[in-house]
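Residues in the sequence shown are numbered from 4 upward in steps of one, following this note's numbering.
Heads up, the beta-carbon is just placed ideally off N, CA and C, and yes, glycines get one too.
Comments concern the structure below.
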Amino acid sequence: MTEDLSPAERYAAARRRAEEQATALAPFRDMYDFDLDAFQIEACQALEAGKGVLVAAPTGSGKTIVGEFAVHLALEQGRKCFYTTPIKALSNQKYNDLAKRYGSANVGLLTGDNSVNSEAPVVVMTTEVLRNMLYAGSKSLLGLGYVVMDEVHYLSDRFRGAVWEEVIIHLPASVTLVSLSATVSNAEEFGDWLDAVRGDTEVIVSEHRPVPLWQHVLAGRRMYDLFEESGDKREVNPDLVRMARMENSRLPRDRRRSRPQREADRERERRQRARIWTPSRPEVIDRLDAEGLLPAITFIFSRAGCEAAVQQCLYSGLRLNDNAARAKVREIVEERTRDIPDKDLHVLGYFEWLEGLERGIAAHHAGMLPTFKEVVEELFVRGLVKAVFATETLALGINMPARSVVLEKLVKWNGEQHADITPGEYTQLTGRAGRRGIDIEGHAVVLWQRGMDPGALAGLAGARTYPLRSSFKPSYNMAVNLVSQFGRHRSRELLETSFAQFQADRSVVGISRQVQKNEEGLAGYRASMTCHLGDFEEYAGLRRQLKDRETELAKQGASQRRAQAAAALERLKPGDIIHVPTGKFAGLALVLDPGVAGGRGAAHRRGYDGGAGNEGPRPLVLTAQRQVKRLGPIDFPVPVEPLERMRIPKSFNARSPQSRRDLASALRSKAGHYVPERHRRQRSAAADDPEIERLRKAIRQHPCHGCDEREDHARWAERYHRLKRDTRQLERRIAGRTNTIARTFDRVCAVLTELGYLRDDHVTDDGRVLARLYGELDLLASECLREGVWEGLPPQELAACVSALVYESRSGDDALPPKMPGGRARAALGEMVRIWGRLDALEEDHRITAAEGVGQREPDLGFAWAAYRWADGHGLDEVLREADMPAGDFVRWCKQVIDVLGQLAAAAPGSGTVARNARKAIDGMLRGVVAYSSVG
Numbered sequence: 004m005t006e007d008l009s010p011a012e013r014y015a016a017a018r019r020r021a022e023e024q025a026t027a028l029a030p031f032r033d034m035y036d037f038d039l040d041a042f043q044i045e046a047c048q049a050l051e052a053g054k055g056v057l058v059a060a061p062t063g064s065g066k067t068i069v070g071e072f073a074v075h076l077a078l079e080q081g082r083k084c085f086y087t088t089p090i091k092a093l094s095n096q097k098y099n100d101l102a103k104r105y106g107s108a109n110v111g112l113l114t115g116d117n118s119v120n121s122e123a124p125v126v127v128m129t130t131e132v133l134r135n136m137l138y139a140g141s142k143s144l145l146g147l148g149y150v151v152m153d154e155v156h157y158l159s160d161r162f163r164g165a166v167w168e169e170v171i172i173h174l175p176a177s178v179t180l181v182s183l184s185a186t187v188s189n190a191e192e193f194g195d196w197l198d199a200v201r202g203d204t205e206v207i208v209s210e211h212r213p214v215p216l217w218q219h220v221l222a223g224r225r226m227y228d229l230f231e232e233s234g235d236k237r238e239v240n241p242d243l244v245r246m247a248r249m250e251n252s253r254l255p256r257d258r259r260r261s262r263p264q265r266e267a268d269r270e271r272e273r274r275q276r277a278r279i280w281t282p283s284r285p286e287v288i289d290r291l292d293a294e295g296l297l298p299a300i301t302f303i304f305s306r307a308g309c310e311a312a313v314q315q316c317l318y319s320g321l322r323l324n325d326n327a328a329r330a331k332v333r334e335i336v337e338e339r340t341r342d343i344p345d346k347d348l349h350v351l352g353y354f355e356w357l358e359g360l361e362r363g364i365a366a367h368h369a370g371m372l373p374t375f376k377e378v379v380e381e382l383f384v385r386g387l388v389k390a391v392f393a394t395e396t397l398a399l400g401i402n403m404p405a406r407s408v409v410l411e412k413l414v415k416w417n418g419e420q421h422a423d424i425t426p427g428e429y430t431q432l433t434g435r436a437g438r439r440g441i442d443i444e445g446h447a448v449v450l451w452q453r454g455m456d457p458g459a460l461a462g463l464a465g466a467r468t469y470p471l472r473s474s475f476k477p478s479y480n481m482a483v484n485l486v487s488q489f490g491r492h493r494s495r496e497l498l499e500t501s502f503a504q505f506q507a508d509r510s511v512v513g514i515s516r517q518v519q520k521n522e523e524g525l526a527g528y529r530a531s532m533t534c535h536l537g538d539f540e541e542y543a544g545l546r547r548q549l550k551d552r553e554t555e556l557a558k559q560g561a562s563q564r565r566a567q568a569a570a571a572l573e574r575l576k577p578g579d580i581i582h583v584p585t586g587k588f589a590g591l592a593l594v595l596d597p598g599v600a601g602g603r604g605a606a607h608r609r610g611y612d613g614g615a616g617n618e619g620p621r622p623l624v625l626t627a628q629r630q631v632k633r634l635g636p637i638d639f640p641v642p643v644e645p646l647e648r649m650r651i652p653k654s655f656n657a658r659s660p661q662s663r664r665d666l667a668s669a670l671r672s673k674a675g676h677y678v679p680e681r682h683r684r685q686r687s688a689a690a691d692d693p694e695i696e697r698l699r700k701a702i703r704q705h706p707c708h709g710c711d712e713r714e715d716h717a718r719w720a721e722r723y724h725r726l727k728r729d730t731r732q733l734e735r736r737i738a739g740r741t742n743t744i745a746r747t748f749d750r751v752c753a754v755l756t757e758l759g760y761l762r763d764d765h766v767t768d769d770g771r772v773l774a775r776l777y778g779e780l781d782l783l784a785s786e787c788l789r790e791g792v793w794e795g796l797p798p799q800e801l802a803a804c805v806s807a808l809v810y811e812s813r814s815g816d817d818a819l820p821p822k823m824p825g826g827r828a829r830a831a832l833g834e835m836v837r838i839w840g841r842l843d844a845l846e847e848d849h850r851i852t853a854a855e856g857v858g859q860r861e862p863d864l865g866f867a868w869a870a871y872r873w874a875d876g877h878g879l880d881e882v883l884r885e886a887d888m889p890a891g892d893f894v895r896w897c898k899q900v901i902d903v904l905g906q907l908a909a910a911a912p913g914s915g916t917v918a919r920n921a922r923k924a925i926d927g928m929l930r931g932v933v934a935y936s937s938v939g
């Protein structure tokens with residue numbers, strides 16, 4: 004080939020090769036036994052040129068190579084590199100990878116649990132650790148040249164995403180930032196923001212999957228390709244379309260046909276439908292094994308579903324490992340769990356778990372013990388576990404690719420309702436399929452379900468919509484740290500540079516264009532409603548005033564009825580027999596608890612006795628149908644009066660079906676003969692309202708009232724009014740989106756000033772304590788410290804109180820009040836809820852709400868008893884049984900309690916008992932399963 008080049012071209016090519024060999028990239032490429040992809044080379048070259056980079060590429064494409072090149076550059080230049088990850092498991096994994104490559108002397112690890120060689124030139128850490136270092140002005144930042152932010156799309160996480168923006172904004176300008184993200188649809192927008200706040204930033208987007216992904220649907224005994232391709236055309240498989248049509252249609256019932264003929268038709272239809280069924284979980288794994296598509300991850304959007312799937316496979320006799328693999332599995336498992344006492348192994352379901360692993364089958368979800376999850380991950384990567392049933396959290400977790408990914412359903416519970424998964428979620432889940440360097444292709448398999456629409460599935464599989472949306476909001480801790488470093492004015496300017504504000508400002512452009520269009524439409528509507536008899540806009544205004552007044556009076560009437568109903572509920576006492584007028588539980592009911600003594604919100608239901616709540620009384624009742632339910636104001640649109648009274652036995656237990664059955668029977672015997680009175684409707688307030696009478700008179704006397712085209716004009720006037728209202732809303736949105744972050748910051752600072760944490764541009768001593776408390780309830784924790792709520796509490800009771808700052812229950816409002824420790828802990832927990840109530844009222848005064856991600860949510864007392872018992876030295880079996888909680892959840896909440904206890908130990912004044920007892924509580928909790936779980 005070179006023979007065909009001219010001498011000048013050969014010289015130029017030789018010079019190019021020499022220049023490439025002189026770069027840092029050349030020896031870095033030699034460290035790998037495969038050649039780098041084009042996007043990796045482009046990103047590395049930009050880094051070496053001194054630019055920051057944003058790399059957005061699919062899962063498994065190798066974007067971490069770019070982060071490793073930043074490590075290589077830092078070591079070559081004698082500078083530091085911090086490699087940040089969103090979760091501790093990823094940090095541990097990355098630390099091990101880099102330590103193998105560059106030597107353990109050059110690599111350190113910093114997470115909430117571990118500190119290894121923290122002054123090394125390369126340190127792997129969680130993003131929160133780097134944020135805390137920046138606020139503390141840590142000396143470790145000296146000489147920092149590069150920061151790698153792996154999984155930067157976590158910036159969208161509504162709970163933790165703000166940390167990523169804080170780091171990006173506050174990093175020194177001399178630091179080069181390497182941002183690694185999953186494929187997002189607005190990478191260019193994010194890159195523009197990075198360019199604005201960090202300087203020259205190259206955006207490299209790669210849509211190419213190194214391992215091609217094939218999409219399938221498994222129905223009955225057949226695996227169908229989702230798409231059929233012929234030439235450049237790609238269409239949904241017509242077999243799937245035909246199946247969906249056949250399943251949703253029925254043969255016409257012709258009454259003229261004889262009975263045998265109709266039965267033959269039904270039998271033919273039944274046989275057709277019998278070919279379309281959803282295979283069981285063992286059948287799916289067996290089929291994948293036969294097709295050579297294992298290892299596979301099956302995503303089930305339920306922890307219980309994952310555990311049930313493993314049991315179903317075990318009961319079916321499924322075995323995916325031979326004897327040699329079984330022996331290797333047992334060896335690894337016994338090695339990794341040798342520190343767990345035998346008595347705890349029984350509690351943790353170790354032997355059932357081990358049996359599944361030996362057969363090559365496992366579950367993976369947040370409810371599992373972290374050590375168990377790590378073992379599953381290790382065995383899966385080694386090929387000793389071939390079928391994993393996992394919740395969607397695995398899609399955001401560590402590097403655990405498979406040959407195939409199975410989706411049982413395309414619907415999941417999002418915390419409020421069952422909703423279809425989004426194209427972004429589908430992409431994230433199926434992105435695990437196909438192992439680079441191992442598999443030629445990856446496979447995504449969706450199980451056939453009744454009512455499935457192949458076209459909609461094809462839309463999910465073909466879309467790549469995963470927009471990055473900022474979740475940034477100023478917190479109290481952030482505010483005092485910023486003011487301490489920069490003062491209020493400079494802090495305000497810094498927050499205005501956030502990605503949240505950048506996106507808000509950009510969105511204003513499109514809204515402004517819509518306002519202009521609306522103004523043109525308003526001019527046309529105004530012309531169309533012109534009346535020759537008078538000012539029709541004035542006439543339409545009178546009609547609208549009349550309508551608004553009638554609506555207002557109707558609302559007032561409804562409000563009065565609700566108030567009367569609430570007052571009647573407040574008079575109820577335990578033992579009152581009432582008739583619930585409407586709703587799902589209408590009928591006779593016995594009041595067990597009036598539900599008026601609890602504090603605001605759900606405080607009463609969590610065991611705190613205080614004043615009446617904002618929601619109004621919520622009586623706990625036993626219905627005549629034996630159900631114990633907590634009712635709300637919606638069940639009582641009219642006042643309710645006791646029909647009769649009866650005694651509630653002291654032995655009554657709401658959890659016991661027999662107790663409920665006996666008491667409900669007594670209720671029916673006592674009051675079953677009562678017939679409820681019908682509530683008479685009162686005379687409407689509108690009938691006697693002088694303002695309504697005045698408006699009706701003005702309308703009748705207006706010149707336009709006699710116009711023949713009055714109703715045509717009125718329709719145009721109504722359109723004019725609606726469009727004008729919409730335009731005003733758009734204008735308010737424009738005003739609301741400008742400087743939104745700064746305005747929220749001002750409101751946060753106003754609260755802190757009123758509480759004495761800030762004084763103008765200065766942070767007070769109390770503010771410096773708040774600056775060391777990180778968490779969702781940072782202000783509540785600081786107030787409890789300041790008011791001495793926890794002073795004198797023994798360690799186990801302090802742990803119980805701290806648990807209320809971190810725990811969030813998964814159960815609904817109908818849950819019975821949780822068990823709590825007695826003594827001073829109960830009083831301290833009650834005082835915490837009272838302080839929260841005061842803070843909540845103050846936030847409301849300053850227009851700060853928890854819904855915006857800024858305000859303080861109510862402390863949850865649901866983990867207090869478990870934390871108390873564990874810190875008090877009780878056994879795992881006893882604590883888990885009483886807490887009714889999976890081991891993984893228990894460990895995770897304990898870790899979070901320990902984290903906050905550590906913050907209190909550092910922040911609390913040395914003169915009191917809190918700091919000392921917080922350290923003792925940590926020692927009491929960091930034992931057993933909590934201590935030997937390396938990942939929190």
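- Between Leu28 and Gln48, the beta carbon gap of about 7 Å places them in contact (Cβ cut-off 8 Å).
- Secondary structure in the stretch 522–590: the beta strand (DSSP E) runs of 3 residues or longer, each lying completely within the stretch, are 579–583 in chain order.
- In chain order, Glu694, Ile695 place their CB closer than 6 Å to the CB of Arg552, counting only its own chain and leaving out the 5 sequence neighbours on each side.
- In the DSSP assignment, Ser118 forms a beta bridge with Leu113.
- In the DSSP assignment, Met928 falls within the alpha helix (DSSP H) that extends over 917–928.
- Taking the C-beta atoms as reference points, Gly619 is found nearer than 8 Å to Ala569.
- Beta-bridge pairing by DSSP links Thr129 to Thr88.
- Between Cys316 and Ile279, the gap from beta carbon to beta carbon reaches 8 Å or more.
- CA-CA distance, Asn109 to Pro124, rounds to 6 Å.
- Take Arg438, set aside five residues on each side of it, and the residues of its chain with a beta-carbon closer than 6 Å to its own are Pro404, in chain order.
- Per DSSP, Val882 is not a residue of any beta strand (DSSP E); the alpha helix (DSSP H) it occupies stretches across 879–886.
- The secondary-structure analysis by DSSP pairs Val805 with nothing; it has no beta-bridge partner.
- With respect to the 8 Å criterion, Pro584 and Val643 are classified as neighbours on the basis of their beta carbons.
- Residue pairing from DSSP places Gly55 in a beta bridge opposite Thr204.
- Shown here, His492 sits in a helix according to DSSP, grouped into three states.
- Here the alpha carbons of Pro373 and Ala924 stand approximately 22 Å from one another.
- Taking one beta carbon from each stretch, the stretch 731–745 and the stretch 559–574 have fewer than 3 pairs nearer than 8 Å; the two do not touch.
- Your pair Ala390 and Ala299 checks out as a contact, with CB atoms roughly 6 Å apart and the cut at 8 Å.
- Taking C-beta atoms as the reference points, Tyr138 and Asn484 count as a pair closer than 8 Å.
- According to the DSSP secondary-structure assignment, Arg762 is paired through a beta bridge with His765.
- A buried status is given to Gly833, since no fewer than 16 other beta-carbon atoms sit within 10 Å of its beta-carbon.
- With 16 or more other Cβ atoms inside 10 Å of its own Cβ, Thr433 counts as buried.
- Distance from the Cα of Lys66 is smallest, within the candidate group Glu647, Gly164, Val206, for Val206.
- With a cutoff of 8 Å on beta-carbon distance, Val408 and Ala464 are scored as not near each other.
- Per DSSP, Gln628 has no beta bridge partner at all.
- Remark: C-beta atoms of Leu297 and Val332 do not approach each other more closely than 8 Å.
- Using a Cβ-Cβ distance cut-off of 8 Å, the stretch 887–894 and the stretch 782–798 are not in contact, since fewer than three pairs of beta carbons, one from each stretch, lie closer than that value.
- Judged by DSSP in its simplified three-state form, Tyr935 adopts coil rather than helix or strand.
- Annotated as proximal: Asn324 and Arg362, with beta-carbon spacing under 8 Å.
- DSSP, reduced to helix, strand and coil, places Gln452 outside both helices and strands of the structure shown, so it counts as coil.
- Exclusion of the five residues before and after Val166 leaves Thr130, Glu131, Arg134 as the residues of its chain whose Cβ lies within less than 6 Å of its Cβ.
- Shown here, Ser672 sits in a helix according to DSSP, grouped into three states.
- Boundaries cannot be given for Ile443, as no beta strand (DSSP E) includes it and DSSP labels it neither H nor E.
- Ranked by how close their Cα comes to the Cα of Phe37, the residues Leu321, Ile441, Phe162, Gly223 have Ile441 in first place.
- Leu498 places its beta carbon 8 Å or farther from that of Phe866.
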